[in-house]
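Asker:
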Amino acid sequence: MPERHFTTRRGFVAALGFGAVSLYGAWAAYGAAPLPFGGHSGHKDAAPEADAHGHGGHDAAEGMAPEEFRFEHDFFVRKYAQKDGSVNPHADADAHGHEGDAHGGHGHADAGHGPGAATASGESVELYLMAQKFAYSPDVLRLKAGQAYRFRMMADDITHGASIQLGSASRIIRLRPNVVTEQTITFTKPGEYLVYCTVYCGQAHDAMHGRIVVG
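Residues in the sequence shown are numbered from 19 upward in steps of one, following this note's numbering.
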């Protein structure tokens, strides 16, 4: 029987295989190996980072707890409350504007950073609307035509609805207990817009309504 070449012997093949695996392991440890060990997939396949400031579009607002909403709502109502009981998020800006007119017209509104503060041109103004048996708070809002408003809304007790009449159409929002919901709305025409509950919430359900006065 002819003598086999040393490269076909089992011992040599096993030693060669073990050496290759060891070399590959060292290569992978230094990060030079191809996938899956090295992990060099490039930037094209990397998953994008989540937007840290996202609020869930126009649905449930991410990141705002019910307690935070109640605090911001109470602050919003106290800060912008008017003598007639309505709430006007532009009251401070209007007051500063009148002062500027009285002193030569060079005054400017303090935009501030709290709820309801008028932001840079083109940005929305934050509003807070709470639904509870059997009313909305605030029950009358005074807004401006052409301005975008980010409505932050929440039901304080049981599920309610908020239907905002917009002429022949309406915007209907379902408000769940302790869940903050957002909608961005721009009123294009002056007038009074009715807000009423669309989810039966008890005996006084039909009397649960509010108003938005747009000037």
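Think of the CB as a built atom: it goes at the ideal place given N, C-alpha and C, for glycine as much as any other residue.
Model, not experiment: these values are computed from the prediction.
Is the beta carbon of Pro84 sitting closer than 9 Å to the one on Glu144?
Answerer: no
Asker: Starting from the C-beta of Val231, find all residues in its chain whose C-beta is less than 6 Å away, skip the five residues before and the five after it, and write them out in chain order.
Answerer: Arg160 and Glu210
Asker: Could you give the distance in angstroms between the alpha-carbon of Tyr214 and the alpha-carbon of Asp157?
Answerer: 10 Å
Asker: What number of angstroms, rounded off, separates the C-alpha of Pro195 from the C-alpha of Gln183?
Answerer: 23 Å
Asker: Using the three-state DSSP reduction, which class does Val95 fall into: helix, strand or coil?
Answerer: helix
Asker: I need the boundaries of the beta strand (DSSP E) containing Gly209, first residue and last residue.
Answerer: Gly209 to Tyr214
Asker: For Lys162 and Gly233, which I take to be in contact (beta-carbon distance under 8 Å), what is that distance rounded to the nearest angstrom?
Answerer: 6 Å
Asker: Can you give me the C-alpha to C-alpha distance between Phe169 and Met148, rounded to a whole angstrom?
Answerer: 10 Å
Asker: Name, in chain order, the residues that DSSP records as bridge partners for Met172.
Answerer: For Met172, DSSP records a beta bridge to Met148.
Asker: Return the Cβ separation of Ala173 and Ser142 in integer angstroms, given the expectation that the two are a contact with Cβ distance under 8 Å.
Answerer: Contact flag wrong, Cβ pair sits at about 22 Å.
Asker: Give the straight-line distance between the Cα atoms of Gly104 and Asp110, rounded to the nearest whole angstrom.
Answerer: As written in the sequence, residue 104 is Ser, which differs from the Gly given in the question. Going from the Cα of Ser104 to the Cα of Asp110 covers about 14 Å.
Asker: Grouping DSSP H, G and I as helix and E and B as strand, with all else coil, what is Pro84?
Answerer: In the three-state reduction of the DSSP assignment, Pro84 falls in the helix class, which pools H, G and I.
Asker: Bridge partners for Ser155 per DSSP, in chain order?
Answerer: Met148
Asker: Near Arg88, what residues of its chain come up, given a Cβ to Cβ distance below 7 Å and the 5 sequence neighbours on each side ignored?
Answerer: none
Asker: Using CA coordinates, which residue listed in Gly185, Thr216 and Ala99 is at the minimum distance from Thr206?
Answerer: Gly185
Asker: With DSSP as the reference, label Glu200 as helix, strand or coil.
Answerer: strand
Asker: Excluding the five sequence neighbours on either side, which residues of its own chain have a C-beta within less than 6 Å of the C-beta of Arg189, listed in chain order?
Answerer: Excluding five sequence positions before and after Arg189, the CB atoms of its chain that fall closer than 6 Å to its own CB belong to Ile182, given in chain order.
Asker: Please confirm whether Arg192 and Thr199 have their CB atoms less than 9 Å apart.
Answerer: yes
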